[in-house]
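Undergrad: If you read the sequence shown in my numbering, its first letter stands for residue -10, the second for the next number, and so on. All C-beta atoms in this analysis are idealised placements derived from N, C-alpha and C, irrespective of residue type, glycine included. These figures come from a predicted structure and were not determined experimentally.
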Amino acid sequence: MSLPSCPKCNASYTYEDGHLFVCPMCFHEWTAESQRAAEEASIIHDANGNELNTGDDVTLIRDLKLGKDTLKKGAKARNIRILDTPVDGHDIDGRVDGFGMIYLKSSVVKK
Ligand SMILES: [Zn+2]
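This is the structure we're talking about:
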């Protein structure tokens, strides 16, 4: 298993010291537990709790108002992207036939 990059300065010279990860560049120390927590926090889940990844196709689990149109439950969003920074509470976007690229919430889709 490769060691994680430093969460502070992003250097990849991490070494293990007992139960600690240590960065020799900025002397930051962190634990495997905090590393795991940080990784889990950045994982986006669908309505069923499955992990979503960039490039996945998802299906809407309920109707969504989109201006004056309604995006029907069961509509497919293709080739989704996980947004680094949520836009207005939306954490993914994807291409929906007839609508183009739209922002979505991971809580209203499933794989
Ligand atoms: Zn560092």
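In whole angstroms, what is the alpha-carbon distance linking GLU22 and ASP58?
TA: Start at 1 with the first residue of the sequence shown, and residue 22 comes out as number 33. Start at 1 with the first residue of the sequence shown, and residue 58 comes out as number 69. Roughly 45 Å separates the two Cα atoms.
Undergrad: What are the boundary residues of the beta strand (DSSP E) that includes ALA64?
TA: As a first step, residue 64 is located in the sequence shown; it is residue number 75 there, counting from the start. From DSSP, ALA64 is part of no beta strand (DSSP E); its letter is neither H nor E.
Undergrad: Can you list every residue whose CB sits closer than 6 Å to some heavy atom of ligand 1, going in chain order?
TA: CYS(-5), LYS(-3), CYS(-2), ALA0, CYS12, MET14, CYS15 and HIS17
Undergrad: Counting C-beta neighbours from all protein chains within 10 Å, is the total for LEU9 16 or more, i.e. buried, or is it exposed?
TA: Along the sequence shown, one-based indexing puts residue 9 at 20. LEU9 is exposed by the Cβ-count criterion.
Undergrad: Measure the Cβ-Cβ separation of MET90 and ASP77 and say whether it is below 7 Å.
TA: Sequence index remark: in the sequence shown, residue 90 carries index 101 (1-based). Sequence index remark: in the sequence shown, residue 77 carries index 88 (1-based). Their beta carbons are not under 7 Å apart, which means MET90 does not touch ASP77 by this criterion.
Undergrad: Under 7 Å Cβ to Cβ from GLU5, same chain only, skipping five residues before and after it: list those, please.
TA: Counting from 1 along the sequence shown, the entry for residue 5 is found at position 16. Excluding residues within five positions, the ones whose Cβ falls inside 7 Å are LEU(-8).
Undergrad: Looking only at its chain, what residues have a beta carbon closer than 7 Å to the beta carbon of VAL98, apart from the 5 residues adjacent to it on each side?
TA: Taking the first residue of the sequence shown as 1, we reach residue 98 at position 109. Cβ neighbours of VAL98 beyond the five flanking positions: ASP35, ALA36, VAL47, THR48, LEU49, ILE50 and ALA66.
Undergrad: If the criterion is Cβ atoms closer than 7 Å, does the pair ILE32 and ASP80 meet it?
TA: In the sequence shown, counting from the first residue as 1, residue 32 sits at position 43. In the sequence shown, counting from the first residue as 1, residue 80 sits at position 91. Taking 7 Å as the cut-off, the beta carbon of ILE32 is found no closer than this to the beta carbon of ASP80.
Undergrad: Roughly how many angstroms separate the alpha carbons of ASP52 and VAL11, rounded to a whole number?
TA: Working through the sequence shown from its first residue, we reach residue 52 at position 63. Working through the sequence shown from its first residue, we reach residue 11 at position 22. Those two C-alpha atoms are separated by around 48 Å.
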